[in-house]
Amino acid sequence: MAVTMTNFKQSGLNALLRQMEIGVVNIYYGIRALNLKFSYPHFRLIFVLESDGKSYFADDTQKAYCNPGDWFLIPPFCEITHNLNDTMHHLSIHFTATLGQSVSLVQPRNSFLTMTDNSARNRIIHTINSEPELVQCLLFRELCYNKLSEYVTQEDSSMILQLLKTPGYAALLDFLNTTATAKTGIDDMAAQCNLSRNAFVKRFKRDFGLPPGKFLAKILTSHAIAKLSTSGKTIKETAEELGFSNAFVFSRFFHTQTGLSPRNFQKKMPANY
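In my numbering, the protein residues as written are 529 to 801.
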């Protein structure tokens with residue numbers, strides 16, 4: 529059957545492939561017994577390599593026991609209970625999944641995904657024990673892409689592709705990723721799309737189902753999370769870099785977006801897991 533050649537430009541897929549980023553934040557391997565409830569601002573992909581089946585993860589909707597071959601994908605800001613004993617040998621990959629620098633590829637969720645993949649378990653054990661570091665890195669990244677595909681929805685995909693297949697939106701995304709601050713306004717966003725303010729707001733809400741101001745808030749929140757997590761800067765310094773008038777205004781904004789104050793967010797970041 530003849531198939532017309534395409535580079536997927538019309539659908540936006542080609543642009544998505546160029547800009548989609550999996551950023552590995554950290555990797556943990558081994559055993560750590562603990563009983564704590566906490567969350568992270570990024571994804572965690574956990575593979576159970578050995579366990580007696582008594583360890584478990586739980587959130588407000590489910591409780592899942594850990595057996596060899598099970599894997600868990602925990603989304604950003606999903607607070608879960610970790611009840612792990614000293615038989616729970618596992619690999620935990622912490623990663624971000626974004627378009628450009630800031631736009632999450634997956635809309636927020638309040639619950640984790642869990643399935644079983646014994647083939648992946650065997651690959652992990654073999655690769656860690658027998659392969660050089662570069663091969664291990666390639667496997668870890670592949671696993672992130674692979675399991676994220678189990679989690680993404682049509683809604684996630686439609687919104688991201690709409691951003692990329694429309695030239696004006698692509699320019700807007702680049703502008704927001706590189707220069708957006710609290711001083712950025714709707715007029716600035718409309719100018720990137722060569723539209724009047726009213727026309728831009730109407731079209732953006734039609735295409736994405738949310739006002740442009742809320743989308744901008746998501747971008748600023750992503751920037752704030754990155755700075756608070758990795759830069760070592762104070763809350764006041766972070767507020768100044770993001771263009772907020774003072775630390776109080778920034779803290780109020782951050783709490784509205786995440787449910788945590790910047791200070792509590794930093795306190796909740798576990799140091800060693």
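Glycine included, each C-beta is placed from N, C-alpha and C at the ideal position.
If residue i sits next to residue j, beta carbons under 8 Å apart, how far is it from one beta carbon to the other, in whole angstroms?
i, j, result
"Leu642", "Ala592", "Looking at the sequence itself, residue 642 is Thr, so the reference to Leu does not match. Going by Cβ atoms, the distance from Thr642 to Ala592 rounds to 5 Å, so yes, they are a contact pair."
"Arg669", "Val576", "About 20 Å; that fails the 8 Å criterion."
"Phe778", "Leu770", "7 Å"
"Gln690", "Phe732", "Contact doesn't hold; Cβ gap of about 10 Å is too wide."
"Cys606", "Asn554", "About 17 Å separates the two Cβ atoms, so there is no contact after all."
Are the beta-carbon atoms of residue i and residue j separated by less than 7 Å?
i, j, result
"Gln785", "Thr749", "yes"
"Tyr673", "Ser620", "no"
"Phe640", "Ile688", "no"
"Gly540", "Leu692", "yes"
"Ile747", "Ser632", "no"
"Pro739", "Met717", "no"
"Thr609", "Glu549", "no"
"Leu573", "Lys711", "no"
"Leu612", "Ala648", "no"
"Pro790", "Leu756", "yes"
"Phe571", "Lys796", "no"
"Lys764", "Ala775", "yes"
Measuring alpha carbon to alpha carbon, tell me which residue in the options is nearest residue i.
i, options, result
"Phe623", "Asn535, Tyr568, Glu659", "Tyr568"
"Arg780", "Ser757, Lys796, Ala752", "Ala752"
"Ala767", "His570, Thr709, Gly558, Ala586", "Thr709"
"Pro596", "Pro695, Tyr584, Ala775, Tyr697", "Tyr584"
"Asn722", "Ala698, Asn792, Asp588, Leu612", "Ala698"
"Asn705", "Leu667, Gly628, Ser647", "Gly628"
"Phe728", "Asp702, Ser757, Lys755, Gly696", "Gly696"
"Gly558", "Ala775, Asp587, Ile652", "Ile652"
"Leu545", "Ile763, Ser685, Asn774, Asp715", "Ser685"
"Phe772", "Gln538, Thr532, Gly713", "Gly713"
"Lys582", "Cys594, Thr589, Ser724", "Cys594"
Counting C-beta neighbours from all protein chains within 10 Å, is the total for residue i 16 or more, i.e. buried, or is it exposed?
i, result
"Thr681", "exposed"
"Leu662", "exposed"
"Met616", "buried"
"His654", "exposed"
"Asp818", "A question about residue 818 goes unanswered here, because the residues of the chain that appear run from 529 up to 801."
"Asn563", "exposed"
"Asp598", "buried"
"Ser579", "buried"
"Leu671", "buried"
"Phe782", "buried"
"Pro636", "exposed"
"Ala530", "exposed"
"Pro604", "buried"
"Leu667", "buried"
"Phe536", "exposed"
For the ligand GDP, is there a heavy atom less than 6 Å away from the beta-carbon of residue i?
i, result
"Ser620", "Looking at this structure, you won't find the ligand GDP or any other ligand, since it has none at all."
Open item on the list: Just to confirm the assignment: which complete alpha helix (DSSP H) runs, minimum length 4, are found wholly within the segment 593-675?
Closed with: 646-658
TODO: Kindly provide the ranges of any alpha helix (DSSP H) runs that are 4 or more residues long and lie completely inside the segment 713-751, ordered along the chain.
DONE: 714-720, 725-736
TODO: Note down, one range per segment and in chain order, each alpha helix (DSSP H) of at least 4 residues found wholly within the segment 673-700.
DONE: 682-693
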